[in-house]
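Following: one structure in structure tokens, then a few remarks.
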Amino acid sequence: MNNEQQATNADIDVSNFSRHLNGRNAPIWWGIIGLILIELSVVSAFTVTYLYLYMQHPQWPPNDIELPPLLIPTWSMILMLLSCVTMYLAGKSVEKSQPKGFVIYTFASVFMALLVLWIRWGQFDNFSMSWNEHVYGSLLWTISGFHFIHIVSAAIGTAAIGFFGVAGFYTKQRQIGVVVDTMYWNFVALAWLPFYFVLYYFPRF
Amino acid sequence: MKNQIPTEQAIFDHQQGSEPILDKTWLSPTGFFGWFTHVNQRKIGFRFVVTSLIFFALGGLLALLMRLQLVQPENTLMGAEFYHQIMTMHGTTMMFFFAVPAMEGLGIYLVPLMLGTRDMSFPRLNAFGYYVYLIAGITLYLALFLGMAPDTGWFSYVPLAGIEFSPGKGVSFWTTMITFIEISALTAAVELIVTILKQRAPGMTLNRMPIFVWSILVMSFMIVFAMPTVMVGSVLLALDRTFATQFFVAAGGGDPLLWQHLFWFFGHPEVYIIVVPALGIVSTIISTFCQREIFGYTAVVLSMVTIGFVSFGLWVHHMFTTGLPHLGLSFFTAASAMIAIPSGVQIFCWIATLWGSKVRLKTPMLFIMGFFAVFVIGGLTGVMAASIPFDMQAHDSYFVVAHLHYVLIGGAVLPFFAGLYYWYPKMTGKMLSERLGQWSFWLIFVGLNLTFFPMHQLGLDGMPRRVYTYLHSMGWEDINFFVTCAAFLMAFGFLLTFINTFISPHKSKSAGSNPWQADTLEWWAESPPRNYNFRHLPVVNSRTPLWQKAPIHKVTGIRADRRETLITTLLDAKAQSVCIMPTPTYWPFVLALTVGFGFLGFMFKPILFVVGFFLSFFAILGWLWPSRPWLAEKPPEEGHPIRGLQ
Chain A
1 MNNEQQATNA DIDVSNFSRH LNGRNAPIWW GIIGLILIEL SVVSAFTVTY LYLYMQHPQW
61 PPNDIELPPL LIPTWSMILM LLSCVTMYLA GKSVEKSQPK GFVIYTFASV FMALLVLWIR
121 WGQFDNFSMS WNEHVYGSLL WTISGFHFIH IVSAAIGTAA IGFFGVAGFY TKQRQIGVVV
181 DTMYWNFVAL AWLPFYFVLY YFPRF
Chain B
1 MKNQIPTEQA IFDHQQGSEP ILDKTWLSPT GFFGWFTHVN QRKIGFRFVV TSLIFFALGG
61 LLALLMRLQL VQPENTLMGA EFYHQIMTMH GTTMMFFFAV PAMEGLGIYL VPLMLGTRDM
121 SFPRLNAFGY YVYLIAGITL YLALFLGMAP DTGWFSYVPL AGIEFSPGKG VSFWTTMITF
181 IEISALTAAV ELIVTILKQR APGMTLNRMP IFVWSILVMS FMIVFAMPTV MVGSVLLALD
241 RTFATQFFVA AGGGDPLLWQ HLFWFFGHPE VYIIVVPALG IVSTIISTFC QREIFGYTAV
301 VLSMVTIGFV SFGLWVHHMF TTGLPHLGLS FFTAASAMIA IPSGVQIFCW IATLWGSKVR
361 LKTPMLFIMG FFAVFVIGGL TGVMAASIPF DMQAHDSYFV VAHLHYVLIG GAVLPFFAGL
421 YYWYPKMTGK MLSERLGQWS FWLIFVGLNL TFFPMHQLGL DGMPRRVYTY LHSMGWEDIN
481 FFVTCAAFLM AFGFLLTFIN TFISPHKSKS AGSNPWQADT LEWWAESPPR NYNFRHLPVV
541 NSRTPLWQKA PIHKVTGIRA DRRETLITTL LDAKAQSVCI MPTPTYWPFV LALTVGFGFL
601 GFMFKPILFV VGFFLSFFAI LGWLWPSRPW LAEKPPEEGH PIRGLQ
């Protein structure tokens, strides 16, 4: 808009302003930033809790419990990061008015999330310690479970977005739903980074 | 699929005869079932304020019960268990169910009016937050009536609050409901932030924003960073209690002190979350009742922001006696003392504003004067308790009880009641009775000093806090008797204000739109404001728009036949785009029920949490379901790819 000349000593006419809000001019964009800030506080509280308890113990994990193997969580990390790329491509498809591409990329992301969930489920079975034996086990289970639930909700939400996409709802002008869903998706994927390092690398130092 | 709305149907709010249409567009449905669909910010804000006052009254009644038990030594009015339940409920109610929702409710009601907009950014989320708050409050009080209330104090220290020493359902109610009600506080916080950043009237740069709005902005950011910690803490405690995880259990490698860190990392900012909006109220009322701009606007705003930051570095001063390393403790003493600097700056700015002006001593201003006296005393004992050697002596004694009540009643309750007297005419269109108001103020002021000042002495005499009775031989009985009598005096003072709010709508005269000759935009709307807040959205070009000689210009081209409001840029508040707002709906209520089901279910059968999770998903889907006709499109124009309007 003609922001530079906008004066405040006269009436302002906005009848020809856009009603299609797709980025930072949409309140929901800022709302999702707020949600991410809140969740970021939660993620840091969990991380600090882990480090705090880690510092209380000369031996971590306790009683010669073996550390979880690195390979499988690394795969799930890579898949999560890849799914950010497909989400980005899904957004680009809306931008370029390619509804088919949008649906394909969205469901590809959901598929990758499901793959991650499947891997994680297997990990739960193989954790070397139960949650009620020692606080090390409690942390492992709680932090993994916390992130597990987040992937579930991001996957369900994105699947719903995908179905709206099949119905042809999203267009170049009407894409704020995709934009904010992608923001949240990226957050969920990246939130795994600190947990990944804390749970799998930190005890090895 | 794409129902084009013909252009000729569009009715704009600057057109002749658009007023009834505007009114109908923003109408909240009437009737009992309509009540559950309301989303307008003033409806929700008003509910928050009223509900929080009801909880304030309940919390006050519990306090009177406690005082009755303590009126004489070895009293047998109630047993230890019941005493500890009502003591816990008193603290929990006042902190979580009165103070925070009351300040947020005032913010929700006033901020859009002060910004010159028609609603908040996420009206449905607003409604959801209210229902969550209501459900959490009702549940906790039901637990009290069933004798299952928590009894471990408002900060629920482990190991006492662990499953081993508190095997009943009480603490589970506490952990679940605390997690649950923080959802409400967090939704309101995000919503207030976005509204303040993106919906200010054109021309209202950050530098022209009313100080009350600044204070709400600081409070909201503090909530966003502080509340998640207590959620994490209470979730971990709930896991410890339900699934036998070992976070706070020393035998399993956990650490009870971790709970204190998590709790006070939230708990100390919490005090300032309550106090900062109160500071905003103080600045607003002083400015109005002196009829001049606040002295040192920038300094006042910066001090509030500073308080917000520094308050996150104080939490360990609640833990001086836990045996932490001394160097760390000294740091927290320094930080605690540092908070006096921005607080002092504000006090001097207020004094400078008052200096030489003709102050109108009406009831709101009286409460502000009371705030000065009481808050300064609370601040002084705060400085005392911030020094470690003194704290070692006074810790866990009635001295602390006296200190915290001076700070919280002085810092939050008195300003909140000042605000109530000040904004009541805006909310209802009627003035509160001045005579009853003055009586109420003096009774409260005298009553609270007589109640809490002697408690300093009780503490120095060694009476520990949180005891349900004491022995004859301790020599505490005279002061305790006196304190109980004074508490009833104070309660009577509050009762007068409650009576005042009930009878004034029928007796007193109409307030008119600006009874106090104030300067901020909420007084530009009618009292009470119409469904749409403002007939036209205003354009602002100063900090005190209503004190300017020049007429207020308006925004034209906002549709009257659907809920539209203006979005402006973040720093300079230049008109940016027009946002279409959601309409009334049942979904927020349904979602609050499903989320509540998940949380409550978790207490009895953990699997019900998963059921609640999926039910909530469907509620969210219903909430966000795009309603037809979808906003129609126009091919993008050259250079303006997303400006399409039918």
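Those protein sequences? They're chains A and B, same order as listed.
Going by the UniProt record's numbering, the first sequence opens with residue 1, and the numbers climb by one from there.
Going by the UniProt record's numbering, the second sequence opens with residue 1, and the numbers climb by one from there.
For every residue, glycine included, the Cβ atom is placed at its ideal position computed from N, Cα and C.
Assign residue i to one of three DSSP states: helix, strand, or coil.
i, result
"asparagine 2 (chain A)", "For asparagine 2 (chain A), the predicted model reports a pLDDT of 44, less than 50, meaning its position is unreliable; a value from the coordinates is still stated below. DSSP places asparagine 2 (chain A) in coil when its eight states are reduced to three."
"glutamate 191 (chain B)", "helix"
"proline 415 (chain B)", "helix"
"lysine 426 (chain B)", "helix"
"threonine 179 (chain B)", "helix"
"valine 158 (chain B)", "coil"
"asparagine 16 (chain A)", "coil"
"alanine 226 (chain B)", "helix"
"phenylalanine 12 (chain B)", "strand"
"alanine 167 (chain A)", "coil"
"alanine 154 (chain A)", "helix"
"arginine 67 (chain B)", "helix"
"lysine 509 (chain B)", "coil"
"threonine 556 (chain B)", "strand"
"valine 595 (chain B)", "helix"
"leucine 645 (chain B)", "In this prediction, leucine 645 (chain B) scores a pLDDT of 35, lower than 50, which makes its location untrustworthy; the coordinate-derived value is nonetheless stated afterwards. Coil at leucine 645 (chain B), not helix or strand."
"arginine 530 (chain B)", "strand"
So with CB distances below 7 Å, who are the chain B contacts of residue i?
i, result
"leucine 140 (chain A)", "In chain order: nothing, as chain B lies at least about 10 Å away."
"arginine 120 (chain A)", "Under the 7 Å cutoff, chain B gives no residues; its nearest Cβ is about 16 Å from arginine 120 (chain A)."
"aspartate 13 (chain A)", "Thr556, Gly557"
"leucine 37 (chain A)", "Val224"
"asparagine 126 (chain A)", "The premise fails here: asparagine 126 (chain A) is roughly 19 Å from chain B at the closest Cβ pair, so nothing lies under 7 Å."
How about residue i and residue j: are their beta carbons less than 7 Å apart?
i, j, result
"threonine 568 (chain B)", "proline 202 (chain B)", "yes"
"glycine 410 (chain B)", "glycine 447 (chain B)", "no"
"valine 135 (chain A)", "glycine 252 (chain B)", "yes"
"valine 359 (chain B)", "phenylalanine 441 (chain B)", "no"
"glycine 170 (chain B)", "alanine 188 (chain B)", "no"
"histidine 553 (chain B)", "alanine 10 (chain A)", "yes"
"proline 584 (chain B)", "threonine 37 (chain B)", "yes"
"glycine 137 (chain A)", "tryptophan 131 (chain A)", "yes"
"phenylalanine 481 (chain B)", "valine 71 (chain B)", "yes"
"phenylalanine 55 (chain B)", "phenylalanine 82 (chain B)", "no"
"leucine 591 (chain B)", "alanine 550 (chain B)", "no"
"threonine 47 (chain A)", "valine 180 (chain A)", "no"
"proline 342 (chain B)", "threonine 381 (chain B)", "no"
"glutamine 173 (chain A)", "histidine 57 (chain A)", "no"
"alanine 560 (chain B)", "leucine 22 (chain B)", "yes"
"valine 43 (chain A)", "methionine 80 (chain A)", "no"
"threonine 200 (chain A)", "proline 61 (chain A)", "Residue identity differs from the one stated: residue 200 (chain A) is tyrosine in this sequence, not threonine. Taking 7 Å as the Cβ cut-off, tyrosine 200 (chain A) and proline 61 (chain A) do not qualify as a contacting pair."
"proline 112 (chain B)", "threonine 520 (chain B)", "no"
Under 7 Å between beta-carbons, which chain A residues line up against residue i? List them in chain order, please.
i, result
"leucine 239 (chain B)", "Thr142"
"residue 652 (chain B)", "Any answer about residue 652 (chain B) is impossible in this case: the structure gives chain B only from 1 up to 646."
"phenylalanine 597 (chain B)", "Near phenylalanine 597 (chain B) there are no residues of chain A at all, since even the closest Cβ is about 17 Å away, more than 7 Å."
"phenylalanine 225 (chain B)", "Ser41"
"glycine 203 (chain B)", "Thr8"
In whole angstroms, what separates the C-alpha of residue i from that of residue j?
i, j, result
"methionine 392 (chain B)", "phenylalanine 247 (chain B)", "28 Å"
"aspartate 151 (chain B)", "glycine 168 (chain B)", "10 Å"
"phenylalanine 332 (chain B)", "leucine 142 (chain B)", "39 Å"
"phenylalanine 613 (chain B)", "phenylalanine 599 (chain B)", "9 Å"
"proline 636 (chain B)", "serine 18 (chain A)", "At proline 636 (chain B), the pLDDT of 41 sits below 50, so the modelled position is not reliable and the matter cannot be decided from this model."
"valine 316 (chain B)", "alanine 335 (chain B)", "10 Å"
"asparagine 22 (chain A)", "serine 577 (chain B)", "11 Å"
"phenylalanine 312 (chain B)", "asparagine 531 (chain B)", "39 Å"
"leucine 70 (chain A)", "phenylalanine 127 (chain A)", "12 Å"
Would you mind giving the Cβ-Cβ distance between residue i and residue j, rounded to the nearest angstrom? I have them listed as a contact below 8 Å.
i, j, result
"glutamate 182 (chain B)", "methionine 227 (chain B)", "5 Å"
"valine 218 (chain B)", "valine 275 (chain B)", "That pair is no contact at about 10 Å."
"valine 540 (chain B)", "arginine 208 (chain B)", "6 Å"
Give the residues of chain A in contact with residue i, contact being defined as C-beta atoms less than 9 Å apart.
i, result
"glycine 617 (chain B)", "Per the sequence presented here, residue 617 (chain B) reads as phenylalanine, with glycine not at that position. Per Cβ cutoff of 9 Å: Ser153, Ile156, Gly157, Ala160."
Give me the chain A residues within the contact set of residue i, using Cβ-Cβ distance strictly less than 8 Å, ordered along the chain.
i, result
"valine 578 (chain B)", "Val14, Phe17, Ser18, Arg19"
"glycine 254 (chain B)", "Leu53, Val135, Ser138"
Run through chain B and tell me which residues come within less than 9 Å of residue i, C-beta to C-beta.
i, result
"tryptophan 131 (chain A)", "Leu239, Phe243, Ala244, Thr245, Gln246"
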